[in-house]
Amino acid sequence: DTGPWVAAVGAPIWLAGDLWGCVAALTRDADSLTHAAEARVGRFAELVSLAIANAQNRQKIADLAMHDALTGLPNRRAFEDAMERALALAARTGNPLSLAIMDIDHFKRVNDDHGHDVGDQVLSGVSQRLASVARTEEPVARLGGEEFAWILPNTTALQALVAAERARAAVATTPFTTVGHVTVSIGIADLDAAGSGDALFRMADQALYAAKAEGRNRCHVARTPSPVG
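Per this note's numbering, residue 1243 is the first one in the sequence shown, and the count goes up by one each step.
Here is the structure:
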């Protein structure tokens, strides 16, 4: 039947007090809609609202499990998942992949001199500055404490160094209200030199220690694979 719709009944779908949409029933037979139809559609709209709310709550819980509560950045679990995907993509395409490990310099002094509340403010502020430099496809994660990781797909070590210098400057150039200037040290490695994901992380981490040994507030690129142990 391709005739015109001659009757309809509908009910709104509400989520947390806001109108999300509606459920509607249309018919080409005016006699097919009884007085009970509106009530049935209303009950169905309530069920749809409940199902959508439950789905959204499950997604929120999943998101919380993958993000750091203080900074809002991806957490270590999310970093490991993203690293696996980045390594698989690099293996499939042959494109470069770099990793930067970043650490706030002398962060213990911030906590000791100003308290942990101020330390948390610094962690949040540094995380925002680091993330502001990264592109959408370059996740910045908090690994724990004052240490962060930055995955840079399709990026050589030299290109990662340029990006890391921007990140370092973004932190160092603008002082924090309470503690003044804060700096980060950054270690960089690329998959071409490392050869594997485990070696990539190890090289970037050891490059971070080299940056700190060289005086902090600087970037250091690992050139050759580091020995295990």
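Quick reminder that beta carbons are idealized off the backbone N, C-alpha and C, glycines included.
- As DSSP reads the structure, Ser1340 sits in a beta bridge with Leu1394 and Asp1432.
- The criterion of a C-beta distance shorter than 9 Å is not satisfied by Ala1266 and Ala1278.
- Cβ-Cβ distances below 7 Å link Leu1433 to Ala1332, Pro1338, Leu1339 and Leu1442 in the same chain, with the five nearest sequence neighbours on each side left out; the list follows chain order.
- Within its own chain, the residues whose Cβ lies closer than 8 Å to the Cβ of Ala1295, once the five positions on either side in sequence are excluded, are Leu1257 and Ala1258, listed in chain order.
- CA-to-CA, the gap between Val1426 and Ala1411 works out to about 9 Å.
- A straight-line Cα-Cα distance of about 21 Å links Gln1370 and Asp1323.
- Between the C-alpha atoms of His1356 and Val1421 there is a straight-line separation of about 8 Å.
- Asp1355 carries a helical assignment under DSSP once its states are collapsed to helix, strand and coil.
- With a contact defined as Cβ atoms closer than 8 Å, Leu1394 and Glu1380 qualify at about 5 Å.
- Within a 10 Å sphere around the beta-carbon of Leu1292 sit fewer than 16 other beta-carbons, which makes this residue exposed.
- Counting the other CB atoms within 10 Å of its CB gives Cys1461 a total of 16 or more, which places it among the buried residues.
- Rounded to whole angstroms, the separation of the alpha carbons of Pro1246 and Gly1314 is 52 Å.
- Going by DSSP, Leu1315 is part of no alpha helix (DSSP H) at all; its letter is neither H nor E.
- In the three-state DSSP reduction, Ala1278 falls in the coil class, being neither helix nor strand.
- Exclusion of the five residues before and after Glu1389 leaves Asp1345 as the residues of its chain whose Cβ lies within less than 6 Å of its Cβ.
- Between the C-alpha atoms of His1309 and Arg1319 there is a straight-line separation of about 8 Å.
- Remark: C-beta atoms of Asp1440 and Gly1429 do not approach each other more closely than 9 Å.
- Counting the other Cβ atoms within 10 Å of the Cβ of Pro1316 gives 16 or more, which makes it buried.
- Here the alpha carbon of Leu1268 sits roughly 17 Å from the alpha carbon of Arg1285.
- Around the beta carbon of Ala1455, fewer than 16 other beta carbons sit within 10 angstroms, so the residue counts as exposed.
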